[in-house]
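Taken in order, these protein sequences are the chains called A and B. Positions 124 to 290 (my numbering) are the ones given, in order, by the first sequence. Positions -2 to 681 (my numbering) are the ones given, in order, by the second sequence. Think of the CB as a built atom: it goes at the ideal place given N, C-alpha and C, for glycine as much as any other residue. To start, the structure itself, in structure tokens.
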Amino acid sequence: MATIRFTVNGKASSVDTEPERPLLEVLREDLGLTGTKYGCGEGQCGACTVLLDNKATVSCVTPVRAVEGRRIVTIEGLAEGGRLHAVQQAFLDEGAMQCGYCTPGMILQTVALLQLHPKPTDAQVVDGLNGNLCRCAGYHRILAAVGRAAASTGASTGTSTGKGGGQ
Amino acid sequence: MNRREFIEIAGTGLLIVATAPLSDAQRGGGAGAGTLETRLHVGEDGFLTILSGKIEEGQGALTELAMAAAEELRVPLDRVRMVMGDTNLTPNDGGTSGSGTTPRTVPLVRRAAAAAHDLLLAAASRQFGVDAARLEVRDGAVQFAGKRYSYGDLARSPELAAAYKDALPAGTVVTPAKDWHLLGKPQVRLDGRDLVTGAHRFPSDIVRPGMLYGRVLRAPAYGATLAGVDLSAAQKMPGVTAVRDGGFVGCAARTTFAVRKALEAVSATAQWNRVEQPSSDDLYVYLKQHAGQQGRPSSQERGSVEKGLAEAQRRLKASYQVAYVQHAPMEPRAAVAEWQDGRLTVWTGTSNPGSVRQQLAETFGVAPDRVRVIVPHFGGGFGGKHTGEAAVEAARLAKEAGRPVAVHWTRAEEFMWAYFRPAALIEVEAGLDAGHSISAWDFTNYNSGASALDPPYRIPNARVRFVGSEAPLRQGSYRVLAATANNFAREAFTDELAEAAGKDPLEFRLAHLDNERIRNVLNAAAERFGWAERRKKRRAGTGIGLACGTEKNSVVAACCEVEVAGGVPRIVEVVQAFECGAILNPANLRAQVEGAIMMGSGPALREEVLFKDGKLTNARFSAYRVPRFRDVPKLEVILLDRKDLEPAGAGETPIIAIAPAIANAVFDATGKRVRSMPMRTLRA
Ligand code: FES
Ligand code: FES
């Protein structure tokens, strides 16, 4: 057992746990942040994507000891004061979800992508999102949402990642 | 509490204010329209709650049912709340499968909502002393001479309480499609906000006080039986419950991590008796060898195939193979079970809450009315979650542990222990007459099923057969059942016949098609794709193909272009036309059609379950390759709206055209026929 301290969605957290536990399980089971999903456990589907110091990271293969002292943003931390992040809004407006189970991971991956490439080319979008699976295969709606988000964030704050995201 | 009941639906946090007790709501039954109270609750706050035993798994039923109700009630969509898939609250609408919600449940909801609307109008007419014909409901209220009478007012009237108990009036008239205000217009999903914020609780997100995480010991191979196991090491771990009940062995602990450790300890001591199992290497030989051993073959014939073939000018013959595939929904099976005073409540992702309740009742020897199954909107099923494995496992562990237990299947478990889409071997022979028409057709599906077995083409002598086999894997439903396999073989073979007849594939099909609806989608897709012009202009390394089909009272046609540069072909462009009668929600329909095309491209190109010695050898996403962003082609979907036809479901049929269209395009590019799904012959 060890005490691991990190910041989640802007709040300081401390958990006493086996340090090799996957971050995904600590977020879901110890901190009640169930918006981060399990899809494969082998880093192949992106359902468990979180932002770790602003970088999209698959939390299922990240041991919790690796996040000591670092900043994490999960899907629950993206909206600010009830106002959706531009990427969330774009997914909603484009109807870019069927079952919605891949949606949190897709949204966080898109946030990370747009930080890197505020005006991404088609190839950059495909490269950026290729690690995220949607078994409902709603890829066309998701691509439309990414395009819409790029257009809207480009016009406003650019690289906001919500509270705790930092710059 | 008297007339008013507050019911919290745990897990979703939704609060319903109902004007009548809901205790016997489940008596509605799937057979008829039932009473108003089983279907609809009018709140004194003016909100209307619609109840349906159907479930939401991403197909859009929730939004569609709410739209149907709001349309008939003449209220804005945000006045309607949906409660679905809860055996204590919702009427039994049967399982959610077979594209059945649109043709069967939507009409029931429309009738109930229209009946409530008529009640409001009649009550207002008496209130105001004005003939009902002169009044209309707008935004949930009737206004007359400065006075207002609304659904909220109706909820307080004894009249409604009485009407609630009656069977729905037979004469209720619903709004015809041409007069729709809300239905027929694009509507994004109503439950979308909770999905983008992560607030929605999927079955695997449900947490109950004191809940443990459970896991079940799986056999190392199919058919293996447990010879012995030692639970003591696991039982010594703090907070761990370990249980054996015959062949069932499972553990529960405070975290997933702890239960994994406990199960590893148990697993290390387990001894198994194994039996020989077939391998995917010999799959099609196996299916043929064991043909006819399961059930009686079904066969339909018109004309005489024997005579037709004997008299044909040309005869062609081919056989097709369709591999086992797994649904692999993003959310693996999950359930939480909680026992309280001999009552069992289970939250799980299943399309059949009613039959899962029955299964739980039988397994644990309790009366069905002591079991409640709640189905939160779950993470995809595609026909693969008709069963309740995780529900039974969680209930067993919860009973032993004396606390609520969650069972979340791993991806590896979902690959290996969920049922599969059946593999198929299809044999077909046909004859062409002197006029280049198909004069005889003999088509047999081994093992996978009889859906869409009948060719839509005008053929005087045709026989179609389905012959069951002994399945080497556990198999079950998958989006549109065997229609994908049968359509693949038929449409690929039809292209071979067109070539033998020296005809263009489009013209050849049209020459055999009487079905106006299929002709329309075929023509629409071909025109938008530029089929005729693109047939003339050839590009090296690319090819074009088309296919059509019908199932579940809807029709589809696809044209596509592929690029073949060794290895797996790349889909460059798809144009697909689809028609399912009057469209209820074009936004959702488009999403379903686009998703079906992409999902269908997986088994066409790459997906295949491989097995040997009772084990899957590719039970993970890194080895079982499903469609990804990199595979996304240029795509255009044409939706034909037939306001004159009853709406048909659309979650399935749009998947059947893409595989044969790809196969035919690959032939166009390479001159080599593709006769398997996935396209094995082309693999590097
Ligand atoms: S669950 Fe982490 S990548 Fe799939
Ligand atoms: S919306 Fe279902 S997995 Fe993406």
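With respect to chain A, the C-beta atom of G55 (chain B) has a partner C-beta closer than 8 Å.
Using a 10 angstroms sphere on the CB of H263 (chain A), the tally of other CB atoms reaches 16 or more, which defines it as buried. Taking a cut-off of 8 Å on C-beta distances, the region 653 to 664 of chain B touches the region 471 to 481 of chain B, as three or more cross pairs fall below it. Taking 8 Å as the threshold, the shortest C-beta distance from E591 (chain B) to chain A falls below it. Taking 8 Å as the CB threshold, A202 (chain A) lines the interface with chain B. In this chain, the alpha helix (DSSP H) harbouring L236 (chain A) covers 226 to 239. Residues whose Cβ lies closer than 6 Å to any heavy atom of ligand 1, listed in chain order: A:Y161, A:G162, A:C163, A:G164, A:G166, A:Q167, A:C168, A:G169, A:A170, A:C171, A:V181, A:C183.
For ligand 2, a non-hydrogen atom lies closer than 7 Å to the CB of G261 (chain A). Where A219 (chain A) is concerned, there is no enclosing beta strand (DSSP E), because DSSP gives it neither an H nor an E. Identification of chain B residues near F214 (chain A) by a Cβ-Cβ cut-off of 7 Å yields V193, ordered along the chain. Around A160 (chain B), the same chain offers L33, L116 as residues with beta carbons nearer than 7 Å, after the five sequence neighbours per side are excluded. The beta carbon of D83 (chain B) sits closer than 6 Å to those of I371, all from its chain and outside the five residues before and after it, given in chain order. When DSSP states are grouped into helix, strand and coil, S182 (chain A) belongs to the helix group.
Under the three-state reduction of DSSP output, K549 (chain B) falls in the coil class, being neither helix nor strand. For R186 (chain B), the shortest C-beta to heavy atom distance toward ligand 2 is 7 Å or greater.
When 7 Å is used as the limit between beta carbons, G164 (chain A) is near these residues of chain B: T407, R408, in chain order. Inclusion of I47 (chain B) and R36 (chain B) in the CB contact set at 8 Å is warranted, their separation being smaller than that value. Neighbours of T252 (chain B) in chain A, taken as residues at a C-beta separation under 7 Å, are given in chain order as E148, E152. Straight across, the Cα-Cα distance linking R340 (chain B) with A364 (chain B) is about 9 Å. Annotated three-state conformation of T130 (chain A) is strand, per DSSP. Rounded to the nearest whole angstrom, the C-alpha separation of A288 (chain B) and P227 (chain A) is 46 Å. T244 (chain A) counts as exposed, since fewer than 16 other C-beta atoms from the protein chains shown sit within 10 angstroms of its C-beta. Within the model, the alpha-carbon separation for E328 (chain B) versus K500 (chain B) is close to 46 Å.
With fewer than three CB-CB distances shorter than 8 Å, the region 437 to 450 of chain B does not count as touching the region 368 to 382 of chain B.
Where K144 (chain B) is concerned, the enclosing beta strand (DSSP E) starts and stops at 144 to 147.
Taking each of B:G97, B:H197, B:V226 in turn and checking the Cα distance to G223 (chain A), the smallest one comes out for B:H197. In the displayed model, E558 (chain B) falls within a strand according to three-state DSSP. Taking a Cβ-Cβ cut-off of 9 Å, the neighbours of V185 (chain B) in chain A comprise L215, D216, E217, G218, given in sequence order. By the CB criterion at 8 Å, C545 (chain B) and V518 (chain B) fall inside the cutoff. Per DSSP, F412 (chain B) lies in no beta strand (DSSP E) segment; the continuous alpha helix (DSSP H) that holds it begins and ends at 408 to 414. Under the three-state reduction of DSSP output, D250 (chain A) falls in the helix class. The C-beta of L207 (chain A) comes closer than 8 Å to at least one C-beta of chain B.
Under a criterion of Cβ atoms nearer than 7 Å, the residues of chain A adjacent to L632 (chain B) are, in order, H263.
Straight through space, the alpha carbons of E530 (chain B) and A409 (chain B) are spaced by roughly 47 Å. If you look at R567 (chain B), you'll find it in the beta strand (DSSP E) that goes 567 to 576. Within 10 angstroms of the beta-carbon of M124 (chain A) lie fewer than 16 other beta-carbons, which makes it exposed.
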